[in-house]
Amino acid sequence: MDTEVEQVRTKGALLHVERSGQGPALVLIPGGGGDAGVYGDVVPLLAGRFTVVTFDRRGNSRSRLDEPDGPVEMSDQAGDVVSILDHYGIDRAFVFGSSGGAIIAVELLTRHADRLLGAVVHEPPLVQILPADSAERRALEDIARLGREKGAMRAYAAFGAMTMDDPPGIFRSAFGQALIAVATRWGLAAGSVLRGITRREPSAMTRLLGNADLLIERELPAICFSYRPDLDALREAGVPWCTAVGEHSAGRPYHRPALVIAERLGVSCETFPGGHTVYQQSPADFTTRLNTILDRYSS
Numbered sequence: 001m002d003t004e005v006e007q008v009r010t011k012g013a014l015l016h017v018e019r020s021g022q023g024p025a026l027v028l029i030p031g032g033g034g035d036a037g038v039y040g041d042v043v044p045l046l047a048g049r050f051t052v053v054t055f056d057r058r059g060n061s062r063s064r065l066d067e068p069d070g071p072v073e074m075s076d077q078a079g080d081v082v083s084i085l086d087h088y089g090i091d092r093a094f095v096f097g098s099s100g101g102a103i104i105a106v107e108l109l110t111r112h113a114d115r116l117l118g119a120v121v122h123e124p125p126l127v128q129i130l131p132a133d134s135a136e137r138r139a140l141e142d143i144a145r146l147g148r149e150k151g152a153m154r155a156y157a158a159f160g161a162m163t164m165d166d167p168p169g170i171f172r173s174a175f176g177q178a179l180i181a182v183a184t185r186w187g188l189a190a191g192s193v194l195r196g197i198t199r200r201e202p203s204a205m206t207r208l209l210g211n212a213d214l215l216i217e218r219e220l221p222a223i224c225f226s227y228r229p230d231l232d233a234l235r236e237a238g239v240p241w242c243t244a245v246g247e248h249s250a251g252r253p254y255h256r257p258a259l260v261i262a263e264r265l266g267v268s269c270e271t272f273p274g275g276h277t278v279y280q281q282s283p284a285d286f287t288t289r290l291n292t293i294l295d296r297y298s299s
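All residue numbers for the sequence shown refer to the UniProt record's numbering, where the first residue is 1 and numbers rise by one.
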């Protein structure tokens with residue numbers, strides 16, 4: 001499979017974009033701390049049916065902000081997807097977004113529905129639609145507090161544990177999280193530990209670890225605490241879309257919001273196998289489920 005890699009100019013950033021396959025366009029939007037590489041195992045499985053576009057979100061990995069403190073707000077990130085479609089001359093595309101990428105998919109539905117064929121909003125951590133004292137909101141606030149008090153890398157380790165179906169003990173304890181943070185900062189054994197868990201190559205892990213500061217210090221507040229979806233606009237989107245949850249994700253901060261949004265807006269909430277990163281843990285099962293949903297949207 002040939003993959004075309006380009007740099008795409010957008011407002012305030014230069015984006016690393018990868019394109020593969022042929023057929024209707026399908027944009028895969030990574031979540032917080034991720035980049036195009038997190039979808040590396042599913043792109044070949046999807047590229048036989050779709051023109052698959054993945055990218056590093058602004059300020060992450062290989063996508064540079066023009067100014068280091070440039071905006072990472074949802075409106076700009078949704079605009080980045082539109083810029084990518086314009087670059088390739090794509091009128092409309094399917095979109096799958098997971099976690100923080102799911103919130104970008106929500107923003108696309110509210111602002112740019114005319115550019116979409118359909119959307120899957122997978123486990124969006126939209127805790128701001130829940131009560132202020134909800135366990136889901138408190139869980140993300142604890143990670144933000146950990147970042148302020150102990151540093152971004154310590155919070156990044158806790159964030160990583162939250163997204164795993166069964167995190168190893170080193171991720172669950174405060175001591176283990178601190179050890180990962182210190183070792184990573186000094187380039188020690190944490191890289192090999194994380195590679196064993198995530199199955200990512202060393203270069204990919206270096207990129208993802210380098211996104212910790214942006215995620216914890218700027219994206220987490222913007223994505224999880226400041227952004228509020230325009231529910232009225234979502235009701236009027238005029239394109240097929242759904243929320244989605246993983247069968248192993250109950251009780252996580254990104255599970256209940258998907259159910260609440262679906263109930264409030266009268267859209268379906270689909271179930272994917274696995275947990276938050278099913279596209280990495282079970283690529284074939286993920287692809288089968290996504291194809292089923294998109295087939296329904298195409299009929």
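All residues carry an ideal CB built from backbone N, CA and C; glycine is no exception.
This structure is a prediction, so every number in the text was calculated from the model and none was measured.
- Just so you know, the alpha carbons of residue 299 and residue 217 end up roughly 43 Å apart.
- The distance from the Cβ of residue 13 to that of residue 61 is about 12 Å, inconsistent with a contact at the 8 Å cut-off.
- In this structure, DSSP gives residue 239 a state outside helix and strand, which the three-state scheme calls coil.
- For residue 9, the uninterrupted beta strand (DSSP E) run begins and ends at 3 to 10, by DSSP.
- Contact between residue 122 and residue 102 is confirmed by a C-beta separation of about 5 Å, below the 8 Å threshold.
- Following the DSSP letters along the chain, one finds residue 20 inside the beta strand (DSSP E) bounded by residues 13 to 21.
- For the pair residue 83 and residue 32, the Cα-to-Cα distance works out to about 20 Å.
- Boundaries of the beta strand (DSSP E) harbouring residue 118: 116 to 122, taken from the DSSP string.
- Residue pairing by DSSP places residue 98 opposite 122 in a beta bridge.
- Taking every protein chain shown into account, the CB of residue 232 has fewer than 16 other CB atoms within 10 angstroms, so this residue is exposed.
- Cα atoms of residue 294 and residue 286: separation of roughly 12 Å, rounded to the nearest angstrom.
- Around the beta carbon of residue 6, fewer than 16 other beta carbons lie within 10 angstroms, which makes this residue exposed.
- Among the bridge pairs identified by DSSP, residue 53 is matched with 19 and 27.
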